[in-house]
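Note sheet for the following structure.
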Amino acid sequence: MGSLCFSLSSLVLLITVLELFVIGDSRTYWGDVEVLKELKKGLDPGSVTPGSCLSSWDFSVDPCDHIFGPRFTCGFRCDLVVSGLSRVTEISLDQAGYTGSLSSTTWNLPYLETLELADNFFAGSIPDSFSNLTRLRRLSLSSNSFSGYIPSSIGSLSNLEELYLDNNRLQGSIPESFNDLMSLKRLELQGNKLSGGFPDLGSLKNLYFLDASDNGISGRIPASLPASLVEISMRNNNFQGDLPEKIGSLGFLQVMDLSHNRLSGAVLSVLFDHPSLQQLNLAHNKFSFLQVPRKMGTESQLIALDLSNNELRGLLPAFMAMMPKLSALSFEQNKFTGMIPSQYALKTVVPEVGSSPFERLLLGGNYLFGPIPSPLMALKPGSSVVNLVDNCLFRCPETFFFCQGGGQKSLMAWPSPTSPAGKSDSSSSNSSAASPEGSREELDPPAGSLVLPPTVVPARHLRVVWANSWPFEFVNKCQIY
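Throughout the sequence shown, residue numbering follows mature numbering (1 follows the signal peptide of the UniProt record, and there is no 0), covering -26 to -1, 1 to 455 in sequence.
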């Protein structure tokens, strides 16, 4: 009986020792080693410099057995998965200026979860064989020289959470198959030469970050966008048309940059009552009017709003001063008329309790007239950034810091009413810039002569202008002398 117990104990000890031996002597799966060899072979030897990760890849020894040793210092990671075999689960090359192509690599790495090749000089096309990386969660090819089309096979990577293809030379359209990347959380495509329309990605319920800036993408902003978006940037493309109404349903959105496109129509009221939107940049488009929000912006979370370089006209919307957190507002280079609202001046100098002051108030390049609101006159340089240059304001000398860098429009420079250049365009819109909920309130010229207060322009430049000779809007833009 004692002999039997001894034999069983010896057997258990032997099995334990064998298990430890197998784990301690784990070997890299041969197929993974072949892929690592292909990757290194596809690079230009001259770009594999001493001290770089790839210079240490010496395949005379087993990679996973010698990882972080003198012959495999860095660049990949292994994990023990089954039967004592190690599999490559991560390839993260250093930013060593590697050049070459990935097309000769088969990419049969079924356990790979991370492929990080950013900030090098890889060229050629993105391999279709990336579709073999079925467990891949992160693919980063940023800041290389990849060219050609984005392979639609990437859409089969159902576990992919982060995709970085930015700052390459990729062209063509964004594959429709991207709508199948159901696990995707972050998508960066900026800084390429992509064209065509933007695909419908509305089914990507986990996508929170989307950047497709600095491309040549055209058409309309998709009507269906992922409801989970927190930040979206599509600046510097060729988008045109109206903003989709469904943007207001993106309940988690905090940052939106659609600047430098050809968008037109209304700046939607839902953007000014949005429950989470903090930064909105619609500069350098062709928007012509604003919709007034139902709650007048009193519940807005906006901190920074840039609507510069559009075609907005009418009076400056006073409700902007009612947004409690808004501290940066730019209406530069539009067609606004009328006087500067006193609410703007008060928010800049003495905001209401619980309301942020205007730290940046940029109104230059419009057709604003009249005196400068008295609270602004008390501002000292450095207290706020205010710009009122290139308007038609009365008494705005460069001794005031907010009038420095450019004068006011010359009232004497406008053509006379009888010259061909002075003819009115009956098709031009005389709409207000801020209109209730999508409406456009037309401003009809008054009958008879237009009488302006003497503070609008110096008396020596004032001349009676008849309404039947000049449209009201033209006069209101201080084209008077």
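Glycine included, every Cβ here is placed at the ideal spot set by N, Cα and C.
All figures in this text were calculated on a predicted structure; none of them were measured in a lab.
Straight through space, the alpha carbons of residue 298 and residue 327 are spaced by roughly 9 Å. Ranked by how close their Cα comes to the Cα of residue 129, the residues 157, 141, 279 and 122 have 157 in first place. Residue 276 and residue 251 do touch by the CB rule: their CB atoms are close to 6 Å apart, below 8 Å. Counting along the chain, residue 66 sits inside the beta strand (DSSP E) bounded by residues 59 to 66. Separation of residue 165 and residue 143 (C-alpha to C-alpha, rounded to the nearest whole angstrom) is 8 Å. Comparing C-alpha distances from residue 49 to each of 81, 73, 90 and 15 shows the shortest one belongs to 90. Comparing alpha carbon positions, the residue from 20, 296, 37 and 30 closest to residue 4 is 37.
Annotated three-state conformation of residue 309 is strand, per DSSP. For the pair residue 369 and residue 345, the CB atoms are nearer than the 8 Å cut-off. Rounded to whole angstroms, the Cβ separation of residue 148 and residue 125 is 12 Å, and the two are not in contact under 8 Å. For residue 88, the uninterrupted beta strand (DSSP E) segment begins and ends at 88 to 90. Note: residue 133 is not bridge-paired with any residue in the DSSP secondary-structure output.
Under the 8 Å Cβ criterion, the segment 282 to 296 counts as touching the segment 307 to 324, having at least three qualifying pairs. Fully contained in the segment 211 to 243 are the following beta strand (DSSP E) runs of length 3 or more, in chain order: 212 to 215, 229 to 231 and 236 to 241. Where residue 280 is concerned, the enclosing beta strand (DSSP E) starts and stops at 278 to 280. Annotation note: the segment 1 to 65 contains the following uninterrupted alpha helix (DSSP H) runs of length 4 or greater, listed N- to C-terminal: 4 to 15. If you look at residue 320, you'll find it in the alpha helix (DSSP H) that goes 316 to 323. When the five nearest sequence neighbours on each side are left out, the beta carbons in the same chain lying within less than 6 Å of the beta carbon of residue 215 are those of 194, in order along the chain. Taking 8 Å as the cut-off, the beta carbon of residue 179 is found closer than this to the beta carbon of residue 202. Residue pairing by DSSP puts residue 366 in a beta bridge opposite 343.
Taking a C-beta distance under 8 Å as the contact criterion, residue 187 and residue 207 qualify as a contact pair. Taken atom to atom, the span from the alpha-carbon of residue 382 to that of residue 204 is near 41 Å.
Residue range 348 to 351 is occupied by the alpha helix (DSSP H) that includes residue 350. The beta carbon of residue 139 is closer than 6 Å to those of 115 and 163 in its chain, skipping five residues each way along the sequence. Burial is judged here by how many other beta carbons sit within 10 angstroms of a residue's own beta carbon; residue 354 has fewer than 16 and is exposed. Residue 110 sits close to residue 131, with the two beta carbons spaced by under 8 Å. About 4 Å separates the Cβ atoms of residue 192 and residue 212, confirming a contact at the 8 Å cut-off. Under the 10 Å beta carbon count, residue 69 is surrounded by fewer than 16 other beta carbons and is classified as exposed. Residue 301 is positioned such that its CB atom lies no closer than 8 Å to that of residue 349.
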